[in-house]
Amino acid sequence: MYKKKECVVMLLAGGQGSRLYALTTKTAKPSVSFGGKYRIIDFPLSNCTNSGLDTVGVLTQYQPLYLNDYIGTGLPWDLDRTFGGVKILPPYQGQNGSDWYKGTANAIWQNMEFINRYDAEYVLILSGDHIYKMDYAKMLDFHKKKGADCTIAVIDVPKEEASRFGIMSANEDGSIFKFTEKPKNPDSTLASMGIYIFNKNKLQSYLEADSKDPASANDFGKNIIPAMLAAKERMFAYPFEGYWKDVGTISSLWEANMDLLGEKPTLSLSDESWRIYSRQEASAPQYIGANATVVNSTLTAGCEIYGSVKNSVLGAGVKVEAGAVVEDSVLMENVVIKAGAVVKYAILDSGVCIGAGATVGEDRATANEVAVVGADVAVPAGKVIEAGAMISKL
Amino acid sequence: MTTAGLIFSNIHDQSIPEMTRQRTMASIPFGCRYRLVDFALSNMVNSNITNVGIITHYNYRSLLDHIGTGKDWDLARRSGGIKLLPPYVTAYENNIAGRLYESRLEAIVSAGNFVNRCNADYIVLSDCDVILNIDLNEVVKEHIRTGAYVTIVTKRLNTANHHFDGNVGVVSIEEDGSIADIASYKPQDDTGEVDISTNIVVMSRTDLQAVIAESVARGYKDFWKDIVAKQIPNKRVRAYRFDGWYAYISSLESYFAVSMQLLGDDARHNLFAQPNRQIYTKLRNSAPVKYTDNAVVKNSLVADGCVIEGTVENSILFRDVHVGRGTVVRNSILLQDSYVGANVNLNCVVTDKNVIIKDDRNLSGHETMPFFIEKGTMV
Numbered sequence: 011m012y013k014k015k016e017c018v019v020m021l022l023a024g025g026q027g028s029r030l031y032a033l034t035t036k037t038a039k040p041s042v043s044f045g046g047k048y049r050i051i052d053f054p055l056s057n058c059t060n061s062g063l064d065t066v067g068v069l070t071q072y073q074p075l076y077l078n079d080y081i082g083t084g085l086p087w088d089l090d091r092t093f094g095g096v097k098i099l100p101p102y103q104g105q106n107g108s109d110w111y112k113g114t115a116n117a118i119w120q121n122m123e124f125i126n127r128y129d130a131e132y133v134l135i136l137s138g139d140h141i142y143k144m145d146y147a148k149m150l151d152f153h154k155k156k157g158a159d160c161t162i163a164v165i166d167v168p169k170e171e172a173s174r175f176g177i178m179s180a181n182e183d184g185s186i187f188k189f190t191e192k193p194k195n196p197d198s199t200l201a202s203m204g205i206y207i208f209n210k211n212k213l214q215s216y217l218e219a220d221s222k223d224p225a226s227a228n229d230f231g232k233n234i235i236p237a238m239l240a241a242k243e244r245m246f247a248y249p250f251e252g253y254w255k256d257v258g259t260i261s262s263l264w265e266a267n268m269d270l271l272g273e274k275p276t277l278s279l280s281d282e283s284w285r286i287y288s289r290q291e292a293s294a295p296q297y298i299g300a301n302a303t304v305v306n307s308t309l310t311a312g313c314e315i316y317g318s319v320k321n322s323v324l325g326a327g328v329k330v331e332a333g334a335v336v337e338d339s340v341l342m343e344n345v346v347i348k349a350g351a352v353v354k355y356a357i358l359d360s361g362v363c364i365g366a367g368a369t370v371g372e373d374r375a376t377a378n379e380v381a382v383v384g385a386d387v388a389v390p391a392g393k394v395i396e397a398g399a400m401i402s403k404l
Numbered sequence: 003m004t005t006a007g008l009i010f011s012n013i014h015d016q017s018i019p020e021m022t023r024q025r026t027m028a029s030i031p032f033g034c035r036y037r038l039v040d041f042a043l044s045n046m047v048n049s050n051i052t053n054v055g056i057i058t059h060y061n062y063r064s065l066l067d068h069i070g071t072g073k074d075w076d077l078a079r080r081s082g083g084i085k086l087l088p089p090y091v092t093a094y095e096n097n098i099a100g101r102l103y104e105s106r107l108e109a110i111v112s113a114g115n116f117v118n119r120c121n122a123d124y125i126v127l128s129d130c131d132v133i134l135n136i137d138l139n140e141v142v143k144e145h146i147r148t149g150a151y152v153t154i155v156t157k158r159l160n161t162a163n164h165h166f167d168g169n170v171g172v173v174s175i176e177e178d179g180s181i182a183d184i185a186s187y188k189p190q191d192d193t194g195e196v197d198i199s200t201n202i203v204v205m206s207r208t209d210l211q212a213v214i215a216e217s218v219a220r221g222y223k224d225f226w227k228d229i230v231a232k233q234i235p236n237k238r239v240r241a242y243r244f245d246g247w248y249a250y251i252s253s254l255e256s257y258f259a260v261s262m263q264l265l266g267d268d269a270r271h272n273l274f275a276q277p278n279r280q281i282y283t284k285l286r287n288s289a290p291v292k293y294t295d296n297a298v299v300k301n302s303l304v305a306d307g308c309v310i311e312g313t314v315e316n317s318i319l320f321r322d323v324h325v326g327r328g329t330v331v332r333n334s335i336l337l338q339d340s341y342v343g344a345n346v347n348l349n350c351v352v353t354d355k356n357v358i359i360k361d362d363r364n365l366s367g368h369e370t371m372p373f374f375i376e377k378g379t380m381v
């Protein structure tokens, strides 16, 4: 039984995130750990539930096992619903053949039936690779008030960074007159956040036309948005202010984690009115040993600390043995740092074990790049891993 | 062979009146993020006992809230799962069917419907103040092997290191494993090592059904005297010796002492680090713990959601506790949502939930008499 839903959310979670390299060999980017007990996808999912949007299709493709498992019934985000809720939408075989998702637009096109089952008037399209807190209900109100066909959330970025984004030029009333994907000489600083609201019927007709064009890359930024602009549809830029970070690269992922630290952090997760939910396991409480030092850091359940931890973010079940030092680093779940090992300016993926006396990375002041060790790698005792190294296998 | 579980949630409420004014013994917060009932429940779930009744009597609102649908223990099931068994109140005169049950046996009788319908071969009865991680399958297997009428899980403890009181049953175990006597603990016959009953008991369902029928007919009230003791001469009351870490709560003083034992690796690992036998609890979506630049934390357990700006030593902090700048918390237990301001000194203090301690306060108890601050108090 399907109840009508005014707005259905489609969350694009199929990307590999190849720039995260060692962190995404076994899992898709949206399920990369963040902030100790979260995954990147917790942010859009929590935003949906906090915005009162309870029908979410998650489009998966690359390495979906972990992501499927993680989302499960959707219970942690309160999206385990009888009417609506979260549904995983993988590529499938149909009567007219089967295909992988060829692009973001094609992924939605292949799942129009999901949207139509709920008789939706609006479709909100999200991507699973940004860290931010946003009330989509306000954006939907804006979309309705403007009588828009398509609304694109935008954020003001520094001029020198603008060429990394899709840049909009908008009139005073917010209507968009120009859109350029990654311009060399940007004439605006309004960057697309990859968050779109479409009127369902408009979206459907553009996707259908796009699907018939063999030359198309089937991509929202490259094809659908330019086509709608060219046809002079009503398109508006919805200005967003607040924390927003694309964590598509190692350095931005590291930075976003560090944004959680400090007395007045740039990104606070303790805001009761806008909680970020995550799937948790029932691990024991964290234990800080009698000779441990833990300063300016954030730790979660299951950690056991006997050494020194400074300016770092630790995931569930991390063990830091006596005499070990962890500084300026991100340790994902179940990482073990053996006695006397030193980890500085590094990201260690889940299950990594750093042997006794080993060294990973170097002082942030002198290191050029973050050192990265991929999931389940065991670094032997005494081994030295240089600053900026990218290790997925030893 | 299937086994069902029955948990008594109110049975020792009077042991720790400070904390049971508004809650059952079962819902006393313990060990940073748990409630006492989590241990009995998790032991059952980890032993594939997925049909569990919890007998409640009064004050059970906090327990209802904690258990919810039972999902966090994987007990939200179509078939079986968790059932709360409150007193049966009818709409007619004498509406509490005579009076509220008081004894263990009366509580079992009140759960007669659950026992009759649970469709299990064996039933494990457990109190809610037992803190241990045990594989109950082994107990049931032993029960079947020996053909016992009742198998009681016992634990050998040294009286010098433990707080005992009259509620504890001391059992004398024969060489063949049968129990010769069960008596209340008396300090005068202190003998160093004693075997005590954990009050975790296995019986077959049919025997338990017969107990219920007979108790109603004859007006029996005491499970140990009227039921168990009668089988002692037949050698069918047997002990299952548990050799892991075990504690029970008999007073605020023992609550304090047992909690502090969790800071030692032995208790903590024995309880929480058993492979495939985790302790489950209601999950709360708190952010990870934040330690600021001024944080100094030694030998402490800290639950998610805490913000630590001061010094914490030898203490247990439940979820979402705030420790302000310049504050020193030593040998204390701060229950969830306690807020401790700046420049406060706490030593041997137990704060119940939602306590606020304003800046510059100095509060101290002693380990034999911790200073207890009631739920929601502002100091």
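Top to bottom, those sequences are chains A and B. For the first sequence, my numbering assigns the number 11 to the initial residue and increments by one for each residue that follows. For the second sequence, my numbering assigns the number 3 to the initial residue and increments by one for each residue that follows. The beta carbon of each residue, even a glycine, is placed where N, CA and C say it ideally should be. Because the structure is a prediction, the values reported are computed rather than measured.
(request) Taking only beta-carbon positions, decide if B:R35 is within less than 7 Å of chain A. (result) Chain A, which has a Cβ nearer than 7 Å to the Cβ of B:R35, makes this yes.
(message) Rounding to the nearest angstrom, what Cα-Cα distance links B:Y293 and B:R35 in this structure?
(response) CA-to-CA, the gap between B:Y293 and B:R35 works out to about 18 Å.
(request) Drop a sphere of 10 angstroms on the beta-carbon of A:P168, count the other beta-carbons inside from all chains shown, and report buried for 16 or more, exposed for fewer. (result) Its Cβ having fewer than 16 others within 10 Å, A:P168 is exposed.
(request) Mind listing, in chain order, the continuous beta strand (DSSP E) runs of no fewer than 3 residues lying wholly within the stretch 296-336 of chain B? (result) Qualifying beta strand (DSSP E) stretches, in chain order: 298-300, 302-304, 313-315 and 330-332.
(request) Going by CA-CA distance only, name the one from A:L69, A:S56 and A:A241 that's closest to A:M144. (result) The shortest C-alpha separation from A:M144 is found at A:S56.
(request) Report the option in B:A297, B:V132 and B:P235 whose CA atom is closest to the CA atom of A:E273. (result) Residue B:A297 is the option with its Cα nearest to A:E273.
(message) Judging by CA-CA distance, which residue of B:T200, B:L285, B:S261 and B:P290 is the nearest neighbour of B:P372?
(response) For B:P372, the nearest C-alpha among the options comes from B:S261.
(message) Given this structure, state the Cα-to-Cα distance separating A:S41 from A:Y80, to the nearest angstrom.
(response) Going from the Cα of A:S41 to the Cα of A:Y80 covers about 8 Å.
(message) What ranges does the beta strand (DSSP E) occupy inside the stretch 44-112 of chain B, keeping only unbroken runs of at least 3 residues that lie completely in it?
(response) If we require 3 residues or more, the beta strand (DSSP E) runs fully inside the stretch 44-112 of chain B come out as 53-57 and 83-87.
(request) Starting from B:E216, follow the alpha helix (DSSP H) in both directions and report where the run begins and ends. (result) Counting along the chain, the alpha helix (DSSP H) containing B:E216 begins and ends at R207 to R220.
(request) Can you give me, in chain order, the residues of the stretch 254-280 of chain A that have a beta carbon less than 9 Å from any beta carbon in chain B? (result) So the close ones are L270, L271, G272, E273, P275, S278, L279 and S280.
(message) Just verifying my parser: in three-state terms, what is the DSSP assignment at B:Q263?
(response) Three-state DSSP puts B:Q263 in a helix.
(message) Between the alpha carbons of A:L271 and B:R158, how many angstroms are there, rounded?
(response) Each residue's Cα considered, the two are about 48 Å apart.
(message) For B:S112 and B:P89, which I take to be in contact (beta-carbon distance under 8 Å), what is that distance rounded to the nearest angstrom?
(response) Yes, they are in contact, since the Cβ atoms of B:S112 and B:P89 sit about 7 Å apart, within 8 Å.
(request) Identify each residue in the stretch 389-402 of chain A for which the Cβ-Cβ distance to at least one residue of chain B is less than 9 Å, and report them in chain order. (result) In summary, no residue of the stretch 389-402 of chain A has a CB separated from any CB of chain B by less than 9 Å.
(request) At 9 Å on the CB atoms, spell out the chain A contacts of B:I57, in chain order. (result) Those within 9 Å of B:I57 in chain A number zero; the least Cβ separation is about 24 Å.
(request) Closer than 7 Å by C-beta to A:D90: which residues in its own chain qualify, once you throw out the five before and the five after it? Chain order, please. (result) Cβ within range, chain order: T83 and G84.
(request) With DSSP as the reference, label B:A6 as helix, strand or coil. (result) In the three-state scheme derived from DSSP, where H, G and I count as helix and E and B as strand, B:A6 is classed as strand.
(request) Determine, using beta carbons only, whether A:Y287 comes closer than 7 Å to chain B. (result) Interface residue, yes.
(message) Please report the straight-line C-alpha distance between A:A266 and A:V257, rounded to a whole angstrom.
(response) Cα to Cα, A:A266 sits roughly 7 Å from A:V257.
(request) List the residues of chain B that A:T59 touches, going by C-beta distances under 7 Å, in chain order. (result) Correct list: empty, because the minimum Cβ distance to chain B is about 11 Å.
(request) List the residues of chain A whose Cβ lies closer than 8 Å to the Cβ of B:R270, in chain order. (result) Within 8 Å Cβ-Cβ: A294 and Y297.
(message) Tell me the rounded alpha-carbon separation between A:S262 and A:K255.
(response) Distance between the alpha carbons of A:S262 and A:K255: 8 Å.
(request) Check each candidate in A:Y72, A:G94 and A:Y128 and name the one with the smallest Cα separation from A:P101. (result) Nearest Cα to A:P101 within the set A:Y72, A:G94 and A:Y128: A:Y72.
(request) Return the chain-ordered list of same chain residues with a C-beta closer than 6 Å to the C-beta of B:T200, the five sequence neighbours on each side being excluded. (result) Sequence-distant Cβ neighbours of B:T200 in its own chain, meaning closer than 6 Å and more than five residues away, are V132, V155 and K157.
(message) Against chain A, does B:K292 count as a neighbour if the rule is that its beta carbon must be under 7 Å from one of theirs?
(response) At a cut-off of 7 Å between beta-carbon atoms, B:K292 makes contact with chain A.
(message) Taking the straight line between their C-alpha atoms, what separation do you get for B:C308 and B:L336?
(response) Whole-angstrom Cα-Cα distance: 11 Å.
(message) Can you tell me whether B:Y393 is helix, strand or coil according to DSSP?
(response) Residue 393 of chain B lies beyond the stretch modelled for chain B, which goes from 3 to 381, so this question has no answer here.
(message) I'd like the span of the beta strand (DSSP E) that includes A:V335, first residue to last.
(response) Following the DSSP letters along the chain, one finds A:V335 inside the beta strand (DSSP E) bounded by residues V335 to E337.
(request) For B:K300, return the contacting residues in chain A, with the cut-off set at a CB-CB distance below 8 Å. (result) What B:K300 touches in chain A: I298, G299, A300, N301 and A302.
(message) Assuming A:Y248 and A:A163 are in contact, meaning their beta carbons sit under 8 Å apart, how far apart are those beta carbons, in whole angstroms?
(response) The pair is a contact, with the Cβ atoms about 5 Å apart (cut-off 8 Å).
(request) Can you give me, in chain order, the residues of the stretch 221-233 of chain B that have a beta carbon less than 9 Å from any beta carbon in chain A? (result) Those would be none; no residue qualifies.
(message) Determine, for B:N333, whether the minimum Cβ-Cβ distance to residues of chain A falls below 7 Å.
(response) Interface annotation, B:N333: not in contact with chain A, CB-CB separation never under 7 Å.
(request) Please name the residues in the stretch 45-79 of chain A whose beta-carbon is closer than 8 Å to at least one beta-carbon of chain B, in chain order. (result) Listed in sequence order: G45, G46 and K47.
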